[in-house]
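Numbering (mature numbering (1 follows the signal peptide of the UniProt record, and there is no 0)), first residue to last: -27 to -1, 1 to 414. Even glycine gets a Cβ: it sits at the ideal position worked out from N, Cα and C. Keep in mind that this is a model prediction, so the values were computed, not measured. Shown next, in structure tokens, is the structure this report addresses.
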């Protein structure tokens, strides 16, 4: 009997040991698997997953680290990141809009890229200075690093320009509106330009760019919102009146929620111009429009510029990548960042997405020497302005972006949008921001 009991105890010990070893093995396996929240850079999440998983196969073969990728649309990404920052439950690695870098850094959710970590990526000097300017607050180690370089430009349909007798792109805002009028034929469902009127991110970007052209000051030296001003109202008015006053934009565009959706209107010939970032190149190609059918020119500015106005044609746009502080796989996560910012992957991914490499050693690829990408590169380097790297910048995007969205909603239903309506919308957005609000809903 004692032998049977002893045998039973031994069996139990072996079972428990086996279970423990199995659990340890699973835990070790889990440590070799990363969760990555990727932003929607291509024309669809499905395309993004295909592009990224092809590259991650190489990463896994080299490192043994698996990557589970989830592609998240820009309209949802910020709120999802903020939710994970509060809960402490999130992925290992995440993409973010570079304009959010300081705001998200303030949450403390991300690993700082210290000098030691930057050296693992090849050193800070590899990265373009313009792109590195939007990685976090001044005086602190970056909480994210650049991944895809972007700037705004105006895509135009060459055939539609020829048919309308337009011989060259407009050089100032007045000419820009005139060209849009010449392209607009509502009876044929053809419009001068298309835009994403329901996208709070796009709207906030345009408010920033056109507001700076008018000489608006968005924040004071203490980071307090000061954008409810006549100059900012002038910038927003120029944007919204493309639909409400000049009627060169289809009223249905008030319901378009992303630049990717607006690309469809441009690629099918429903609109002659599209103001968008160079990442839209991939979507334009995917929609069946060849590179020879379109061109790009810088976003025009008023001529002359108002006193204090700047020739801002884009903000320093781009996508950054960050590692969560709560990740149990930080070392593997840094390896993934190193892989994605390598010269090889920067060349491959940015060529596929139509974006710009953020590291100098990736520009040997002739794909980045096209007329279009040279234009976007010049805009990024010479006429782009960095958004303020302050903790509450993300609330500027949500409050102002939502306010402009609501103004487009009025214009899209043929309701007038008066100057006082714009001033009131900006004042309410500023009050929300100062009080800590800022829902996009």
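Whole-Å CB distance - residue i paired with residue j, under 8 Å assumed
i: residue 279; j: residue 187; result: 5 Å
i: residue 41; j: residue 292; result: Actually they are not in contact, since the Cβ atoms of residue 41 and residue 292 sit about 19 Å apart, beyond 8 Å.
i: residue 50; j: residue 12; result: 6 Å
i: residue 222; j: residue 167; result: 7 Å
i: residue 303; j: residue 84; result: 6 Å
i: residue 104; j: residue 331; result: 4 Å
i: residue 153; j: residue 254; result: About 21 Å; that fails the 8 Å criterion.
8 Å Cβ cutoff met for residue i and residue j
i: residue 370; j: residue 177; result: yes
i: residue 122; j: residue 329; result: yes
i: residue 126; j: residue 16; result: no
i: residue 74; j: residue 364; result: no
i: residue 299; j: residue 76; result: no
i: residue 274; j: residue 290; result: no
i: residue 172; j: residue 327; result: no
i: residue 65; j: residue 212; result: no
i: residue 88; j: residue 164; result: no
i: residue 208; j: residue 170; result: no
i: residue 142; j: residue 385; result: no
i: residue 119; j: residue 195; result: no
i: residue 32; j: residue 128; result: no
i: residue 382; j: residue 232; result: no
i: residue 199; j: residue 210; result: no
Closest by C-alpha distance to residue i, when choosing among the options
i: residue 138; options: 124, 363 and 157; result: 157
i: residue 115; options: 130, 96 and 51; result: 96
i: residue 377; options: 339, 258, 230 and 234; result: 230
i: residue 269; options: 391, 232, 119 and 348; result: 348
i: residue 236; options: 219, 267 and 214; result: 267
i: residue 316; options: 179, 100, 132 and 216; result: 100
i: residue 181; options: 374, 392 and 407; result: 374
i: residue 394; options: 221, 201 and 81; result: 201
i: residue 218; options: 303, 272 and 390; result: 390
i: residue 106; options: 155, 392, 288 and 277; result: 288
i: residue 321; options: 307, 338 and 306; result: 338
Enclosing beta strand (DSSP E) for residue i [first to last residue]
i: residue 246; result: 244 to 250
i: residue 118; result: 118 to 123
i: residue 12; result: 6 to 12
i: residue 39; result: 39 to 45
i: residue 292; result: 290 to 296
i: residue 185; result: Residue 185 -> not in any beta strand (DSSP E); alpha helix (DSSP H) instead, spanning 173 to 186.
i: residue 77; result: From DSSP, residue 77 is part of no beta strand (DSSP E) but of the alpha helix (DSSP H) over 74 to 78.
DSSP-derived helix/strand/coil call for residue i
i: residue 301; result: coil
i: residue 398; result: helix
i: residue 17; result: coil
i: residue -1; result: Below a pLDDT of 50, predicted positions are generally treated as unreliable, and residue -1, at 34, falls in that range; no measurement from the model is reported.
i: residue 166; result: strand
i: residue -13; result: Its pLDDT being 38, under 50, residue -13 is placed unreliably in this model, and the coordinates cannot settle the point.
i: residue 403; result: helix
i: residue 213; result: helix
i: residue 268; result: strand
i: residue -6; result: With a pLDDT of 38 at residue -6, under the threshold of 50, the predicted position of this residue should be treated as unreliable, though the coordinate-derived value follows. Residue -6: helix per DSSP, three-state reduction.
i: residue 90; result: helix
i: residue 494; result: The question about residue 494 has no answer, for the chain in this structure spans -27 to 414.
i: residue 369; result: helix
i: residue -18; result: With a pLDDT of only 40 at residue -18, under the threshold of 50, the placement of this residue in the model should not be trusted; the figure read from the coordinates follows. Three-state result, residue -18: helix.
i: residue 126; result: strand
i: residue 192; result: strand
i: residue 63; result: coil
i: residue 310; result: helix
i: residue 70; result: strand
Cβ-heavy atom distance, residue i to the ligand MG, below 7 Å
i: residue 196; result: Annotation note on the ligand MG: not contained in the displayed structure, which lists no ligands.
Element boundaries [alpha helix (DSSP H), containing residue i]
i: residue 343; result: Note, residue 343: premise wrong, no alpha helix (DSSP H); not H, not E.
i: residue 238; result: 232 to 240
i: residue 322; result: 316 to 326
i: residue 255; result: 253 to 259
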